[in-house]
Amino acid sequence: MTVKTTKKKPKKKNSSREYTNVLVLFTTLFALLAGYLVYFQAFESRDVINNPYNARIEAMENQVIRGNILSSDGQILASTKVNKDGTEKREYPFGCTFSHVLGYSDYGKTGIESLGNFQLTRSNAYFIERFINELKEKKNIGDSLVTTLNVDIQTAAHDALSTKNGAVVVIEPSTGNVLALVSKPDYDPAEIAARWDEFSNSDDGVLLNRATQGLYPPGSVFKTVTLLEYLREHQYETGGFSFDCKGKVTTGDTSISCYKGKKHGELNLTKAFDKSCNGAFAEIGRNLDISAFESLADQLLFNKELPLDFPYSKSSFSLEESDPDVLKMMTAIGQGNTLVTPIHMAMLMSAIANDGVLMKPRFLERTESYTGTLVERYPEETYGSIMTQEEAELLQLFLRTVVEDGTASALKSSIYEASGKTGTAEYSSDKKKSHAWFTGYATDGERKLAVAVIVEGAGSGSEYAVPIAGKIFDAYFGK
314 MTVKTTKKKP
324 KKKNSSREYT
334 NVLVLFTTLF
344 ALLAGYLVYF
354 QAFESRDVIN
364 NPYNARIEAM
374 ENQVIRGNIL
384 SSDGQILAST
394 KVNKDGTEKR
404 EYPFGCTFSH
414 VLGYSDYGKT
424 GIESLGNFQL
434 TRSNAYFIER
444 FINELKEKKN
454 IGDSLVTTLN
464 VDIQTAAHDA
474 LSTKNGAVVV
484 IEPSTGNVLA
494 LVSKPDYDPA
504 EIAARWDEFS
514 NSDDGVLLNR
524 ATQGLYPPGS
534 VFKTVTLLEY
544 LREHQYETGG
554 FSFDCKGKVT
564 TGDTSISCYK
574 GKKHGELNLT
584 KAFDKSCNGA
594 FAEIGRNLDI
604 SAFESLADQL
614 LFNKELPLDF
624 PYSKSSFSLE
634 ESDPDVLKMM
644 TAIGQGNTLV
654 TPIHMAMLMS
664 AIANDGVLMK
674 PRFLERTESY
684 TGTLVERYPE
694 ETYGSIMTQE
704 EAELLQLFLR
714 TVVEDGTASA
724 LKSSIYEASG
734 KTGTAEYSSD
744 KKKSHAWFTG
754 YATDGERKLA
764 VAVIVEGAGS
774 GSEYAVPIAG
784 KIFDAYFGK
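Position in the sequence shown (first residue = 1) + 313 = this note's numbering.
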């Protein structure tokens, strides 16, 4: 008997499956790597290049002549001069006028020089030009940054602050464009290298950007926040409030006086606000729901990160239900433990003027090659609503009365309609020493402009800060 045997063919199924798995694995890894590279180029490469600890920065700067910084209408704010011996010097045609907003590029980088370092140290010159320059071992010309800054508005703000220390911030509410940012004392950025020791050791903090990093008691400009909390707690009814101002109110052994002890007499809520009556708002503060007040402060970005690309200090608000009445009353008039930055106050007024919607402050419009070819445009960004439209519109009415019949009446104009709040903020045990504040906005029916002005140690906001705001509005709306 013969038995036939059949040889089984070797199975290739398992081998094929292994090859497939390996192929899928490598394809997936490649896709992930490619995806990360795209993400890095789009979102993180600028941060890495701008990082002061990145050793490649110097290498990149050695290959590119640092680009120009331009105003919104194309005027040169910063440029690089190449000397005959090949050395380079950063030049600032407007000297001190733009010092803190432009910053400097020696001894580290600040301001827009830091914010736009990635763009300024890259070159999008024509390929052939770059190729020839590399063959000749010549540097390429860096890209130019077009900013939102307006030379006329910046100059008006700088000149109006004059020799006083303080800060001015000017923002376009509908776009978030920062048209001007002034901080004094100031310096010429071109002199940083030569005068570094003098500047860095100065007693008056000349290198401090007071507009974004200076923390000040807000004084009566904070009454806008207190007013909003009162309105929320009273269902937005304004007719039920009355107060008989006798020049001061007393709690315990502490008296809170109106400015120069002025007796305002019988006041409704509107008059209490436009006359900036400390007594009325101290009484409001005594009776507020402190938990709700804290929530409102958080909503308005106190103790919070700001949507801001510049180094800044957080505004602070601290109040608890268990705190004594005197602290609640002082906080309501902007004198407790509250501290604010000028740019935060400008952002708050910008949001009110924009019906409650806050736009992210924007310093950069676009990047161009040195020949003017568009490289990248930076869009406007909405942060979100920090109050309802109805709340913003109600505050607009109150802020308008301050100009119509209150402490900012000097801002009455035939070509624009101004609104805002003055402040006189005590900052030491000597009650004769106070900072002058104005925060507000103006419109000609089509355009709006928000401002925050602080003049250190000057005195009354009506006397010293309001005229500065007026000069800025005049420059913008064209008196």
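Note that the Cβ used here is the ideal one computed from N, Cα and C, for glycine as well.
By the DSSP assignment, the beta strand (DSSP E) with residue i in it spans what residues?
i: Asp472; result: Unbroken run through Asp472 is the alpha helix (DSSP H), 464 to 474; no beta strand (DSSP E).
i: Thr701; result: It is not in any beta strand (DSSP E) - Thr701 carries neither H nor E in the DSSP assignment.
i: Val653; result: Counting along the chain, Val653 falls outside any beta strand (DSSP E), and DSSP gives it neither H nor E.
i: Asp611; result: Asp611 -> not in any beta strand (DSSP E); alpha helix (DSSP H) instead, spanning 603 to 612.
i: Leu687; result: 687 to 690
i: Val562; result: 561 to 564
By alpha-carbon positions, which one of the options ends up nearest to residue i?
i: Glu693; options: Gly429, Cys409, Asn490; result: Asn490
i: Ser775; options: Gly532, Glu504, Asp386; result: Gly532
i: Met643; options: Ile665, Thr551, Val562; result: Val562
i: Cys409; options: Trp750, Glu678, Phe440, Pro502; result: Pro502
i: Gln612; options: Pro624, Ser629, Glu596; result: Ser629
i: Asp517; options: Leu708, Gly479, Lys536, Val538; result: Gly479
i: Ala771; options: Lys422, Ser475, Gly455, Glu401; result: Ser475
i: Tyr405; options: Asn381, Asp386, Ser385; result: Asn381
i: Ser412; options: Glu374, Val464, Gly455; result: Val464
i: Thr795; options: His471, Ala438, Leu541, Val519; result: Lying outside 314 to 792, the shown extent of the chain, residue 795 is not represented and no answer is given.
i: Glu769; options: Ile785, Ser631, Phe751; result: Phe751
i: Asn650; options: Arg330, Tyr529, Ile699, Arg690; result: Tyr529
i: Ile597; options: His547, Ala664, Phe407; result: His547
i: Ile767; options: Ala755, Gly758, Leu540, Ile781; result: Ile781
i: Val639; options: Ser570, Arg330, Ala721, Asn667; result: Ser570
Consult DSSP for residue i and reduce its assignment to one of helix, strand or coil.
i: Met643; result: helix
i: Asp636; result: coil
i: His748; result: strand
i: Val414; result: helix
i: Lys422; result: coil
i: Leu819; result: Any answer about residue 819 is impossible in this case: the structure gives the chain only from 314 up to 792.
i: Ala493; result: strand
i: Cys571; result: coil
i: Tyr405; result: coil
i: Thr551; result: coil
i: Phe556; result: strand
i: Ala664; result: helix
i: Val519; result: coil
i: Thr333; result: helix
i: Arg675; result: strand
i: Thr525; result: helix
i: Leu390; result: strand
i: Tyr543; result: helix
i: Leu619; result: coil
i: Asn381; result: coil
i: Thr695; result: strand
i: Glu769; result: coil
i: Gly598; result: helix
When burial is assigned at 16 or more other CB atoms within 10 Å of the CB, is residue i buried or exposed?
i: Ile445; result: exposed
i: Thr460; result: buried
i: Pro624; result: exposed
i: Ile441; result: exposed
i: Glu703; result: exposed
i: Tyr729; result: buried
i: Pro637; result: exposed
i: Arg403; result: buried
i: Ala610; result: buried
i: Phe568; result: The sequence given here places Ser at residue 568; Phe does not occur at that position. Exposed.
i: Ala513; result: Per the sequence presented here, residue 513 reads as Ser, with Ala not at that position. That one is exposed.
i: Val335; result: exposed
i: Lys497; result: buried
i: Phe343; result: exposed
i: Lys576; result: exposed
i: Thr537; result: buried
i: Val337; result: exposed
Could you give the residue range of the alpha helix (DSSP H) that holds residue i?
i: Gly783; result: 779 to 790
i: Ile728; result: It is not in any alpha helix (DSSP H) - Ile728 carries neither H nor E in the DSSP assignment.
i: Thr583; result: 582 to 587
i: Gly479; result: Looking at the DSSP string, Gly479 is not in any alpha helix (DSSP H); the run it does join, the beta strand (DSSP E), is 479 to 484.
i: Thr461; result: From DSSP, Thr461 is part of no alpha helix (DSSP H); its letter is neither H nor E.
i: Asn446; result: 440 to 448
i: Arg508; result: 505 to 513
i: Asn430; result: 430 to 433
**Request:** Say whether the region 729 to 749 touches the region 599 to 612, bearing in mind that this needs 3 or more beta-carbon pairs closer than 8 Å, one atom from each stretch.
**Result:** no
**Touching by the beta-carbon criterion (3+ pairs, under 8 Å), the region 752 to 766 and the region 485 to 501** = yes
**Segment contact flag, the region 574 to 589 with the region 710 to 718, C-beta cutoff 8 Å, min 3 pairs** = yes
**Prompt:** So, do the region 541 to 558 and the region 568 to 586 have three or more beta carbon pairs nearer to each other than 8 Å?
**Reply:** yes
**Request:** Decide yes or no for the touch test of the region 424 to 432 against the region 666 to 685: beta carbon pairs closer than 8 Å, at least 3 of them.
**Result:** yes
**Request:** Could you tell me whether the region 655 to 667 touches the region 513 to 530, using the rule of 3 or more Cβ pairs below 8 Å?
**Result:** yes
**Three or more C-beta pairs below 8 Å linking the region 387 to 394 and the region 504 to 512** = no
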